[in-house]
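Comments concern the structure below.
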Amino acid sequence: MKRTITLTIAFITLVLMNACYYDSEEALYPQNSLCDTTNVSYSTTVFPILSAQCVGCHSGFVANGNVQLDSYEHIVSAVSNGSLLGAIRHESGWSPMPQNTGQLDDCTIRKLEIWVANGTPNN
469 MKRTITLTIA FITLVLMNAC YYDSEEALYP QNSLCDTTNV SYSTTVFPIL
519 SAQCVGCHSG FVANGNVQLD SYEHIVSAVS NGSLLGAIRH ESGWSPMPQN
569 TGQLDDCTIR KLEIWVANGT PNN
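Heads up: the sequence shown at position 21 corresponds to 489 in our numbering, and the numbers run straight through without jumps.
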């Protein structure tokens, strides 16, 4: 009888220990942590990012902050004076962009940085 009780307690303990399994959401559903920066280009990477995140406010004759990002020439101008990277990195001295939202993710910023480091090619 004692043996049956001991085995029953051991079995229940094992079942309860397995029932206490916990994983974080990040462990169960990992985001793709790879940032593909091998083929960064103006036409397929930079302009789509800026169109989605910036052009809504920074285009036309009444562009916010007098910064236009709706053409290659305007974007290169913003790169040349430091405002593009300064704003998206939320650096001191620049208005953090995009405004009223969180900072762009690290991969997106990295892609823009690589394009700038490569000399802002119009490709």
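Quick reminder that beta carbons are idealized off the backbone N, C-alpha and C, glycines included.
Inset, instruction - Pick helix, strand or coil for ALA546, following the three-state DSSP scheme. - result: Helix at ALA546.
Inset, instruction - Reducing DSSP to helix, strand and coil, say where GLU559 ends up. - result: Of the three classes helix, strand and coil, the one that applies to GLU559 here is coil, per DSSP.
Inset, instruction - Tell me whether the beta-carbon of HIS558 lies closer than 7 angstroms to the beta-carbon of GLN571. - result: Result yes, Cβ atoms of HIS558 and GLN571 sit closer than 7 angstroms.
Legend entry - Integer Cβ distance of LYS579 from ILE517, believed to fall under 8 angstroms: The C-beta separation of LYS579 from ILE517 comes to about 7 angstroms, placing the pair in contact by the 8 angstroms criterion.
Inset, instruction - Out of GLN536, ILE477, PRO589, GLN521, state which residue places its alpha-carbon closest to the alpha-carbon of GLN527. - result: Checking the sequence, you will find Ser at residue 527 rather than Gln. Checked all of GLN536, ILE477, PRO589, GLN521; the closest Cα to SER527 is GLN536.
Legend entry - ASN549 versus ALA555 - alpha carbon distance: Each residue's alpha carbon lies about 11 angstroms from the other.
Inset, instruction - Give the straight-line distance between the Cα atoms of VAL547 and VAL584, rounded to the nearest whole angstrom. - result: Distance between the alpha carbons of VAL547 and VAL584: 7 angstroms.
Inset, instruction - Alpha carbon to alpha carbon, how far is ILE582 from THR505? Give it in angstroms, no decimals. - result: When the Cα atoms are used, THR505 and ILE582 turn out to be separated by approximately 8 angstroms.
Inset, instruction - Taking only the alpha-carbon atoms, compute the straight-line gap between VAL523 and ASN507 and give it to the nearest angstrom. - result: Distance from the CA atom of VAL523 to the CA atom of ASN507, rounded to whole angstroms, is 23 angstroms.
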